[in-house]
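Engineer: Everything in the sequence shown is counted per our numbering, starting at 7 for the first residue and increasing by one.
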Amino acid sequence: MQEPSIDHTADEWYEQAKTIVIQRQSVSISLIQRHLRIGYSIALSLMERLEADGIVTSLMPLGGRQLTSSYRRNHSMQAHMNPNLIEMLDKFYGCEGGDAGNATSPTIWLFGLEPGWSKRDQKRAESPSGQEDDGYSVETQLGWVYNRKAFKLFAAIEGIPVSRYREFAFERRPFERGSSGYFKGNLYPYACTDLAHWPEDAVEETGLTSKAEYQAWCAQYRWPAIKNWVDEHQPKLFIGVGNSFRTDFALSVFGYDLESEYHEILINGYRKKIYLSQFDGRKLAVVPHFSGRNGLNSDAAIEQAGALISDFLQR
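Encoded structure:
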């Protein structure tokens, strides 16, 4: 196999290799080769550079390397976290229902950005019937626009007209307790509807002083936790909703960012962007939000997006 010149993309490969070993907390030349799809000599050169920069150790007496102490995750740091933050690392915290699946029965995962809390949620929670747990029934879910759009997208992926989404939902029962095939979660675990500010109650509940600090905490702890869930359950497809967060979704699925296929859907003059990534048996589709002029805000847009994702699943 002829290797490309290392000088041409050395910095790009180096940054990717650095991200891989830090995110995976694992060090080996074969790991870098496998994920960057490069030959041994280039991977060895990258490893030597990581060593020179103090990111990985030199070869140990019995062989092998590891991350230096500055780059190893110190899980004992959790002891110094706000208890609410520790809870947010629990398995499936901030997720809303469905079947996570497993390697022999893989499912489709749909992840939004964070748990919602609308006026309808508040009104329902304050009513006597709202206190009852109905297993996140489809009947309840149909009250939210987000879930209705999700059902339409799933139907389109299955080749079912989106106009029949209600029929699809009642037959497949996505996200409902005890049903199979679909799982619903969120990239960020804390519900903060103010996109621009980090309110005082969030500071009090998390101990983090700004939204930027919260986002950095998620990058260091939350996304590796999600990747652990993906490692364990091996969904056949992970759908992330929100194009501007596609790197964050990739870190949560693959452990590092990687190049995506880019597709555009044109509806009434508005472009809807779809990003598709796959590696080592994992598939990620990142789609626009379900609202906004460039989002999947119409049946036509959802139907086309579903067709693209369906083709992607068949590869």
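For every residue, glycine included, the Cβ atom is placed at its ideal position computed from N, Cα and C.
Buried or exposed for residue 205, going by 16 or more other Cβ atoms inside 10 Å?
Structural biologist: By 1-based counting over the sequence shown, the position of residue 205 is 199. Flag for residue 205 reads exposed.
Engineer: From residue 276 to residue 171, what does the alpha carbon distance come to, in whole angstroms?
Structural biologist: Along the sequence shown, one-based indexing puts residue 276 at 270. Along the sequence shown, one-based indexing puts residue 171 at 165. Answer to the nearest angstrom: the Cα atoms are 24 Å apart.
Engineer: Do residue 176 and residue 160 count as a contact pair if the criterion is CB distance below 9 Å?
Structural biologist: Position 154 of the sequence shown, counted from the start, is the residue given in the question as residue 160. Position 170 of the sequence shown, counted from the start, is the residue given in the question as residue 176. Contact flag unset, no.
Engineer: Considering only residues of the same chain and omitting the five flanking positions on each side of residue 319, which have a CB-CB separation below 8 Å?
Structural biologist: Mapped onto the sequence shown, residue 319 falls at position 313. Taken in chain order, the residues that qualify are 163, 242, 243, 289.
Engineer: Taking the alpha helix (DSSP H) that residue 39 falls in, what are its first and last residues?
Structural biologist: Position 33 of the sequence shown, counting from 1, holds the residue named residue 39. Segment 35 to 42, the alpha helix (DSSP H) holding residue 39.
Engineer: Does DSSP put residue 267 in a helix, a strand or coil?
Structural biologist: Against the sequence shown, residue 267 aligns to sequence position 261. Three-state DSSP puts residue 267 in a strand.
Engineer: Just how far apart, CA to CA, sit residue 304 and residue 246?
Structural biologist: In the sequence shown, counting from the first residue as 1, residue 304 sits at position 298. In the sequence shown, counting from the first residue as 1, residue 246 sits at position 240. So the two alpha carbons sit approximately 18 Å from each other.
Engineer: So, at 6 Å on beta carbons, what are the nonlocal neighbours of residue 231 in its own chain, with the 5 sequence-adjacent residues on each side left out?
Structural biologist: The residue given as residue 231 occupies position 225 in the sequence shown. Closer than 6 Å at the Cβ level, and outside the excluded window around residue 231, lie 95.
Engineer: Could you tell me the alpha carbon to alpha carbon distance between residue 215 and residue 32, rounded to whole angstroms?
Structural biologist: By one-based count along the sequence shown, residue 215 stands at place 209. By one-based count along the sequence shown, residue 32 stands at place 26. If you take the alpha carbons of residue 215 and residue 32, they lie about 31 Å apart.
Engineer: Look at the Cβ atom of residue 119, then the Cβ atom of residue 251, and state whether they are nearer than 9 Å.
Structural biologist: Taking the sequence shown and counting its residues from 1, the one referred to as residue 119 is at position 113. Taking the sequence shown and counting its residues from 1, the one referred to as residue 251 is at position 245. Taking 9 Å as the Cβ cut-off, residue 119 and residue 251 qualify as a contacting pair.
Engineer: Helix or strand or just coil, what does DSSP make of residue 290?
Structural biologist: To locate residue 290, count along the sequence shown from 1; it is residue 284. Correct three-state label for residue 290: strand.
Engineer: Is there contact here, the segment 264 to 275 with the segment 221 to 238, by at least three beta-carbon pairs under 8 Å?
Structural biologist: The segment 264 to 275, when compared against the segment 221 to 238, does not touch it at the 8 Å Cβ threshold.
Engineer: What would DSSP say about residue 223, mapped onto helix, strand or coil?
Structural biologist: Indexing the sequence shown from 1 puts residue 223 at position 217. It is helical.
Engineer: Residues in its own chain within less than 6 Å of residue 76 by CB, not counting five upstream and five downstream?
Structural biologist: In the sequence shown, counting from the first residue as 1, residue 76 sits at position 70. Answer for residue 76: no residue qualifies.
Engineer: So, under 8 Å CB-CB, residue 104 and residue 188 are touching, yes? Tell me the CB distance rounded to an integer number of Å.
Structural biologist: Counted from its first residue, the sequence shown places residue 104 at position 98. Counted from its first residue, the sequence shown places residue 188 at position 182. Yes, they are in contact, since the Cβ atoms of residue 104 and residue 188 sit about 5 Å apart, within 8 Å.
Engineer: Report the partner residues of residue 284 according to the DSSP bridge assignment.
Structural biologist: For the purposes of this step, residue 284 is identified with residue 278 of the sequence shown, where counting begins at 1. Answer is 289, bridged to residue 284.
Engineer: Give the single residue among 259, 151, 257 whose Cα lies nearest to the Cα of residue 297.
Structural biologist: Position 291 of the sequence shown, counting from 1, holds the residue named residue 297. When only C-alpha atoms are compared, the closest one is 151.
Engineer: Is there a C-beta anywhere in chain C that falls below 9 Å from the one on residue 34?
Structural biologist: The question asks about chain C, but that chain is absent: this structure has only one protein chain.
Engineer: Count the other C-beta atoms from every protein chain shown that fall within 10 angstroms of the C-beta of residue 113, then say buried if there are 16 or more, exposed otherwise.
Structural biologist: Residue 113 sits at position 107 when you count from the first residue of the sequence shown. Counting Cβ neighbours within 10 Å, residue 113 comes out buried, since at least 16 surround it.
Engineer: How would you call residue 97, buried or exposed, if buried means at least 16 neighbouring beta carbons within 10 angstroms?
Structural biologist: By 1-based counting over the sequence shown, the position of residue 97 is 91. When all chains shown are included, residue 97 counts as exposed.
Engineer: Can you pull the DSSP bridge partners for residue 246?
Structural biologist: Numbered from its first residue, the sequence shown carries residue 246 at position 240. Answer is 117, 292.
Engineer: What are the partner residues of residue 273, as DSSP defines its beta bridges?
Structural biologist: The sequence position of residue 273 within the sequence shown is 267, counting from 1. DSSP lists 276 as partners of residue 273.
Engineer: Our contact map puts residue 295 next to residue 248 with C-beta atoms below 8 Å; I'd like the distance itself, whole angstroms only.
Structural biologist: Position 289 of the sequence shown holds residue 295. Position 242 of the sequence shown holds residue 248. That belief holds up - the Cβ atoms of residue 295 and residue 248 are roughly 6 Å apart, short of 8 Å.
Engineer: In whole angstroms, what separates the C-alpha of residue 148 from that of residue 154?
Structural biologist: Taking the sequence shown and counting its residues from 1, the one referred to as residue 148 is at position 142. Taking the sequence shown and counting its residues from 1, the one referred to as residue 154 is at position 148. Each residue's Cα considered, the two are about 6 Å apart.
Engineer: What is the DSSP secondary structure of residue 190, counted as helix, strand or coil?
Structural biologist: Stepping through the sequence shown from its first residue, residue 190 is reached at position 184. It is a strand residue.
Engineer: Using 8 Å as the threshold, is the segment 20 to 39 in touch with the segment 51 to 64, meaning 3 or more CB pairs across them?
Structural biologist: Judged by Cβ distances under 8 Å, the segment 20 to 39 makes contact with the segment 51 to 64, as three or more pairs qualify.
Engineer: To which residues of the same chain is residue 53 closer than 6 Å at the C-beta, ignoring the five residues directly before and after it?
Structural biologist: In the sequence shown, residue 53 corresponds to position 47, counting from 1. So the list reads 35, once near-sequence residues are dropped.
Engineer: At the level of alpha carbons, what is the spacing between residue 265 and residue 37?
Structural biologist: To locate residue 265, count along the sequence shown from 1; it is residue 259. To locate residue 37, count along the sequence shown from 1; it is residue 31. When rounded, the distance between both Cα atoms is 18 Å.
Engineer: Any idea if residue 207 is buried or exposed, counting beta-carbon neighbours within 10 angstroms, 16 or more meaning buried?
Structural biologist: Within the sequence shown, residue 207 is the residue found at index 201, counting from 1. With fewer than 16 Cβ atoms within 10 Å of its Cβ, residue 207 is classed as exposed.
Engineer: Let me know if residue 165 comes out buried or exposed under the rule of 16 or more other beta-carbons within 10 Å of its beta-carbon.
Structural biologist: Reading the sequence shown from its first residue, position 159 is the one you call residue 165. Exposed, by the Cβ-count rule.
Engineer: Quick check on the DSSP output: the alpha helix (DSSP H) that includes residue 89 runs from which residue to which?
Structural biologist: Here residue 89 is taken as the residue at index 83 of the sequence shown, counted from 1. Where residue 89 is concerned, the enclosing alpha helix (DSSP H) stretches over 89 to 93.
Engineer: Verify whether the separation of the beta carbon atoms of residue 141 and residue 182 is less than 9 Å.
Structural biologist: Taking the first residue of the sequence shown as position 1, residue 141 is located at position 135. Taking the first residue of the sequence shown as position 1, residue 182 is located at position 176. Taking 9 Å as the Cβ cut-off, residue 141 and residue 182 qualify as a contacting pair.
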